[in-house]
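Counting from 1, position 139 in the first sequence corresponds to residue 145 in this note's numbering; the numbering is continuous, with no gaps.
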Amino acid sequence: MQERREELLSIYNSLYRRFGPQHWWPGDSPLEISIGAILTQNTAWRNVERAIENLKREGLLSVKGLEKVSMEKLRAAIRPAGYFNEKAKKIKAFIDFLFANYQGSLRKMFKEEREILRKKLLQIRGIGKETADSILLYAGNLPVFVVDAYTRRILSRHNLVSEKADYEEIQRLFMDNLPLEAKLFNEFHALFVRLGKEICKKKDPDCVHCPLRRFSVSTSSENKEHFPRQT
DNA sequence: TGCCAGGCCGGGT
DNA sequence: ACCCGGCATGGC
């Protein structure tokens, strides 16, 4: 099944040639990236930037700052990112987790084995698969593939996966067929987002300018599974 | 004005 | 195992 690897790399190369390096995650520190991952849940990144700016201006963007800040003040600061009541709780839950398990140290947290840490993150209220994986990959530099709405839409629109493929299935497509390299997964996912934002939008189902056009599998084809699951 | 944006949870089938 | 409503702001 070397072919799947080649095809995925070919898709990656097409995107990279088209868009170049994306320099993700937009954030200066592992903590900022982790908090950003929570704040961006179903939210435009522009609004997350405002929330992050507020946190920085108030001197709250540190583990201790977030641990000490009152819920009221935290809610006010992250307000522009939406769902601020929920997200304030999520941030507190993450910080509590950090202190309960790693003395408040992200560095210690990321020394944990990848799969173990993923499971622990998923137990935190408000951290689901995409958020956990974003933290692992972009804050921790661990080789985990992040699946988001853009990734889904693009892959299914080109019939590279079924429309109702679940998270783990899509994630396995990449992690089972590509070298487990954080740098590759980092760039690959960022490129999907770039493509999704710029070209492969909901309004534009034909994706005329899509660099992935040549990879599309015809819908009329009998065999819709371009990447059949290994059984 | 209504839909959308780098989800997740809890309750109901 | 799915399906759905709720959560909230800002841009277009």
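Positions of the beta carbon are idealized from the N, C-alpha and C atoms, including for glycine.
The model shown is predicted, which means the values in this text are computed figures rather than measured ones.
Within 10 Å of its beta-carbon, does residue 106 have 16 or more other beta-carbons around it, so buried, or fewer, so exposed? exposed
Alpha-carbon to alpha-carbon, residue 47 and residue 131: 13 angstroms
When you compare the CB positions of residue 64 and residue 101, do they come within less than 9 angstroms of one another, or not? no
Residue 13 and residue 198 closer than 9 angstroms at C-beta: no
Could you tell me how far apart the beta carbons of residue 94 and residue 81 are, in whole angstroms, since I believe they sit closer than 8 angstroms? Contact holds; Cβ gap of about 5 angstroms.
Use the C-beta contact count for residue 167: other C-beta atoms within 10 angstroms, 16 or more gives buried, fewer gives exposed. Buried, because 16 or more other Cβ atoms sit within 10 Å of the Cβ of residue 167.
Give the C-beta separation of residue 44 and residue 31 to the nearest angstrom, bearing in mind that I take them to be a contact with Cβ-Cβ under 8 angstroms. Residue 44 to residue 31, Cβ: 13 angstroms. No contact.
Return the residue from the list 97, 120, 56, 191 that minimises the CA-CA distance to residue 75. The residue with the shortest Cα to Cα distance from residue 75 is 97.
Coil, strand or helix - residue 187 by DSSP: coil
Three Cβ pairs or more, each shorter than 8 angstroms: is that satisfied between the stretch 20 to 34 and the stretch 114 to 134? Under the Cβ criterion (8 angstroms, minimum of three pairs), the stretch 20 to 34 does not count as touching the stretch 114 to 134.
What number of angstroms, rounded off, separates the C-alpha of residue 108 from the C-alpha of residue 37? 14 angstroms
Looking at the structure shown, is residue 69 part of a helix, part of a strand, or coil, going by DSSP? helix
How is residue 166 classed by DSSP in three states: helix, strand or coil? Reduced to three states, the DSSP call for residue 166 is coil.
Quick check on DSSP: helix, strand or coil for residue 177? helix
Taking just the CA atoms, how far does residue 62 sit from residue 53? 14 angstroms
Between which two residues does the alpha helix (DSSP H) containing residue 7 stretch? Run containing residue 7: none; DSSP gives neither H nor E here.
When the Cβ atoms of the stretch 201 to 209 are set against those of the stretch 144 to 161, are three or more pairs found closer than 8 angstroms? yes
Assign residue 193 to buried or exposed, taking buried as 16 or more other Cβ atoms, counted over all protein chains shown, within 10 Å of its Cβ. Classified as buried, residue 193 has 16 or more neighbouring CB atoms from the shown chains inside 10 Å of its CB.
Closest to residue 121 by CA distance: which of 68, 151, 69 is it? 151
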